[in-house]
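Enquirer:
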C-alpha cells in the first residue's frame, strides 16, 4: 500500500515538474517581452541577453512621445467596444428567436452563419477597399466598427444561442403569462439569467476586435489605426528599438491578456462555436 | 387575429437583421469580386478597361508567385495543424491531473492565444529569432553552435513556429476543457484491470477527444488559410516567394501592384479553396456542433 502511495506521489511530482517546464517554455516569449520592456536599449540588445539589469520605465514614456500611443489605444478601445456593442444589439434578438422559436431552418441558418466566417478576407479585400474608398470610410473608426461587427456577428449569435438554449422555455412562458412583452422578456428574464455567458461573449468579441490585424492594416493609415497597426509600424527597425518595441507590445496586449485569463473557462464554448463546453 | 399573426412573425423579425447583414456581407463584395475578376482593371492604367473573360485567372495562375503561394499555404496550414493538435493532445493530457500550481500553469499555457498577431510576429522576429541578440542565438552559442539567421535561412519554418506558438494554446484550451468531461471512474477501472497508461490513452482518452480535435482542426483551418499579419510584419512574403501564401500574394497584387482584376481572380481562387476545405470540414464536424 505504502509503495503504491509513494509511486503515486512520485508520479504527481514528475507530472507537476514536467507541466511547469512546458508551461514556462510556452509562456517564455511573453515573459521575455515583459522583461525587455523594462531594459535600456543597450541591455535589450546585449549578447548574451542580460538576465539581470536595472529596470527602467523610460521606454514607456518614450513610446508615447515617439508614436502617440494613446491615439492608437483610443482607436482600439472605440472600435472594439463599438463593434461589440452593436454586434450584441443585433445578435441577442437573433439568438433569442432561434433558441426559443426554433423552426426547421434554425440549424441550417446557424451553420450558414458559421460558413460566412470561412469566406477568406482576402477574397473580398478589393471590393471592400473600393467600397470604403467610395463611401469615404477608409481610415475611419466607423469603417472598422462596421467590419468588426460583421466579422464577429456569427460568433456572437452562436455563443448567445448556446447560452439561451440552457434556459428552460417554461420560465419565459411563465413571464409571458404574467403579461411580459418581448422586450421585457429579453431584458427582465433572459439577460439576467444568462449574464455570465453573455459577458463571455462580449469579452470574446472584444478580444477578437482588439487583436484583429488584417482589416486594420489594410483599411487604416493613421487616423483610425488601432494598436495592432501601431505595433506593425515597428516592423522596420530604427536603430536600437527592442526595448521600445517590447514596451509598446506589452501595453497593447496587457488588457486583453487579463480579459482572457479572467474568462478562460467560458471562452472555450465561444471558441468552439458551442461544440465543447 | 392580427396579434397572433404578429406573434408568429416576431421571431422572424428578430433574426432578420443578423441574416440580412451577413447576407449583404457575403453577397455584395463577392459579386463585385466575381465581376472585377472578369474585367481589365488596374488602378495604374485607368484607360485599359473591358471584359477579358478568364484572362485574369490565367495570369494569376501564371504568376511566378502562384505555385509557391499554393504550396506555402498548404505547408503552413498542414504543419501548424499537425504541430498544434499533437502537442495540444499531449500537453492537455499532461496537465489533466491535479498538481501544485495547476491554475497558474493553465494560464501560462493559454496566454499566447491572446497576444495580437502583430505583436507575436515582432516579438519572435526581434527578441527570439534575431541572429545577433535573439534568445535562440544565445542558446545556440551557449551550446557552442553557430547562431542561425532563422527568418533568412529557414523563413517558412520560422513562420510555422510563430503561428504554431499562437495556435497551440487554442488547441490546449479546447482539449483541456474537453478532457474534464472524461469519465474518471472508467479510467480508474481500466487502470485497476491492469491497462497500461498507453492503452488508456489510446482506447479511452483519444476516442473521447476525437470530436474536440475535429473542432480544433476545423476552426484552425479557417483562420490559418488566411494568415496574413504574421507574414506582413516579419518577412513580407520573402525572401523571393518563400513565405508568400495565397493571402499575401493577393494582398501584394491588389494593394501593392494595384491590379484589381488580377487580385480579384486570386481572391476567388482563395474563396474556392476555403470552400473546398470548409465543405469537408463542415461535413466532418458541422453535425456535431448543432447537436450541442
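Protein chains in written order, with my numbering: chain A, 4 to 280; chain B, 5 to 296.
Beta carbons: idealized from backbone N, C-alpha and C, even for Gly.
This one's a predicted model, so the numbers in the text were calculated from it and none came from an experiment.
By the three-class DSSP mapping on this structure, what secondary structure does residue 67 (chain B) have?
Expert: The answer is coil: DSSP assigns residue 67 (chain B) none of H, G, I, E or B.
Enquirer: Using only alpha-carbon positions, find the residue among A:58, A:33, A:34 that is nearest to residue 45 (chain A).
Expert: Residue 45 (chain A) has its Cα closest to that of A:58, out of A:58, A:33, A:34.
Enquirer: Looking at chain A, is there any beta carbon in it that lies within less than 8 Å of the beta carbon of residue 167 (chain B)?
Expert: No, no contact with chain A.
Enquirer: Cα separation between residue 83 (chain A) and residue 95 (chain B)?
Expert: Going from the Cα of residue 83 (chain A) to the Cα of residue 95 (chain B) covers about 32 Å.
Enquirer: Are the Cβ atoms of residue 177 (chain B) and residue 271 (chain A) separated by less than 8 Å?
Expert: Against a cut-off of 8 Å, the Cβ pair of residue 271 (chain A) and residue 177 (chain B) comes out as a contact.
Enquirer: Can you round the beta-carbon distance between residue 39 (chain A) and residue 137 (chain B) to whole angstroms, since I take them to be within the 8 Å contact cut?
Expert: Not a contact, Cβ separation roughly 10 Å.
Enquirer: Assuming residue 234 (chain A) contacts residue 133 (chain B) (C-beta within less than 8 Å), just tell me the rounded distance between them.
Expert: The pair is not a contact, with the Cβ atoms about 17 Å apart (cut-off 8 Å).
Enquirer: Relative to the alpha-carbon of residue 119 (chain A), which residue among A:152, A:106, A:107 has its alpha-carbon at the smallest distance?
Expert: Of the listed residues, the one whose Cα sits closest to residue 119 (chain A) is A:152.
Enquirer: Taking C-alpha atoms, which residue in A:274, A:251, A:87 lies nearest to residue 69 (chain A)?
Expert: Measuring from the Cα of residue 69 (chain A), the nearest candidate turns out to be A:251.
Enquirer: Between residue 46 (chain B) and residue 124 (chain B), what straight-line distance do the alpha-carbon atoms span, to the nearest angstrom?
Expert: Rounded to whole angstroms, residue 46 (chain B) to residue 124 (chain B) spans 34 Å at the Cα level.
Enquirer: How would you list, in chain order, the residues of chain B whose beta-carbon sits under 7 Å from the beta-carbon of residue 102 (chain A)?
Expert: The premise fails here: residue 102 (chain A) is roughly 10 Å from chain B at the closest Cβ pair, so nothing lies under 7 Å.
Enquirer: Note down, in chain order, every chain B residue with its Cβ under 7 Å from the Cβ of residue 116 (chain A).
Expert: Simply 26.
Enquirer: Along the region 39-52 of chain B, where does the CB come closer than 8 Å to a CB of chain A? Name the residues.
Expert: Residues passing the 8 Å Cβ filter: 40.
Enquirer: Closer than 8 Å by beta-carbon distance: list the chain B residues that pair up with residue 260 (chain A), in chain order.
Expert: What residue 260 (chain A) touches in chain B: 115, 118, 119.
Enquirer: Kindly list the residues whose CB is nearer than 7 Å to the CB of residue 231 (chain B), restricted to its own chain and excluding five residues on each side of it in sequence; keep chain order.
Expert: Once the five neighbours on either side are set aside, the close Cβ partners of residue 231 (chain B) are 80, 167, 249, 251.
Enquirer: Nearest-angstrom Cα distance between residue 253 (chain A) and residue 247 (chain A)?
Expert: Spanning the two alpha carbons is a distance of roughly 10 Å.
Enquirer: CA-CA distance, residue 194 (chain B) and residue 23 (chain A)?
Expert: Approximately 28 Å, taken between the alpha carbons.
Enquirer: Mark residue 129 (chain B) as exposed unless 16 or more other C-beta atoms lie within 10 angstroms of its C-beta, in which case mark it buried.
Expert: Buried is the call here.
Enquirer: Give the straight-line distance between the Cα atoms of residue 159 (chain B) and residue 78 (chain B), rounded to the nearest whole angstrom.
Expert: Residue 159 (chain B) and residue 78 (chain B): Cα-Cα distance of roughly 15 Å.
Enquirer: Shortest alpha-carbon distance to residue 119 (chain B) belongs to which of A:160, A:19, A:34, A:269?
Expert: When only C-alpha atoms are compared, the closest one is A:34.
Enquirer: Rounding to the nearest angstrom, what Cα-Cα distance links residue 60 (chain A) and residue 43 (chain A) in this structure?
Expert: Straight-line Cα distance between these residues: approximately 9 Å.
Enquirer: How about residue 103 (chain B) and residue 29 (chain A): do their beta carbons lie closer than 8 Å?
Expert: Result no, Cβ atoms of residue 103 (chain B) and residue 29 (chain A) do not sit closer than 8 Å.
Enquirer: Which runs of the beta strand (DSSP E) fall wholly inside the region 241-278 of chain A and span at least 3 residues, in chain order?
Expert: Listed in chain order, there is nothing to give.
Enquirer: Rounded to whole angstroms, what's the CA-CA distance from residue 37 (chain A) to residue 213 (chain A)? Just pull it up for me.
Expert: Cα to Cα, residue 37 (chain A) sits roughly 19 Å from residue 213 (chain A).
Enquirer: What residue ranges within the region 49-113 of chain B form continuous beta strand (DSSP E) runs of no fewer than 3 residues, ordered along the chain?
Expert: With a minimum length of 3 residues, no continuous beta strand (DSSP E) run stays inside the region 49-113 of chain B.
Enquirer: Comparing C-alpha positions only, which one of A:245, A:236, A:262 sits nearest to residue 72 (chain A)?
Expert: Among A:245, A:236, A:262, the Cα nearest to that of residue 72 (chain A) is on A:236.
Enquirer: Taking the beta carbon of residue 6 (chain B) as the centre, do at least 16 other beta carbons fall within 10 Å, making it buried, or is it exposed?
Expert: Summary for residue 6 (chain B): the model assigns pLDDT 45, below 50, so the residue's position carries little reliability, and this model does not support an answer.
Enquirer: May I ask you to report which of helix, strand or coil DSSP gives residue 184 (chain A)?
Expert: Three-state DSSP puts residue 184 (chain A) in coil, outside helix and strand.
Enquirer: May I ask you to report which of helix, strand or coil DSSP gives residue 46 (chain B)?
Expert: In the structure shown, residue 46 (chain B) sits in a strand (DSSP, three-state: E or B).
Enquirer: Are the region 107-122 of chain B and the region 189-206 of chain B touching, with three or more C-beta to C-beta distances below 8 Å?
Expert: Touching, no.
Enquirer: Kindly indicate the opening and closing residues of the alpha helix (DSSP H) around residue 168 (chain A).
Expert: Segment 144-168, the alpha helix (DSSP H) holding residue 168 (chain A).
Enquirer: Look at residue 242 (chain B) and residue 257 (chain B) and say whether their C-beta atoms are less than 8 Å apart.
Expert: Not a contact, by the Cβ cut-off of 8 Å.
Enquirer: Could you work out which residues of chain A lie near residue 269 (chain B), taking near to mean beta carbons separated by less than 9 Å?
Expert: The contacting residues do not exist; residue 269 (chain B) stays about 10 Å from chain A at best.
Enquirer: Does the pairing of the region 11-29 of chain B with the region 231-240 of chain B give three or more beta-carbon distances under 8 Å?
Expert: Not touching, per the Cβ criterion.
Enquirer: Which one of A:269, A:215, A:158, A:216 has the shortest CA to CA distance from residue 202 (chain A)?
Expert: Looking at the Cα atoms, A:269 is the closest of the given residues.
Enquirer: Output the boundary residues of the alpha helix (DSSP H) element that contains residue 215 (chain B).
Expert: Looking at the DSSP string, the run of the alpha helix (DSSP H) that includes residue 215 (chain B) is 210-228.
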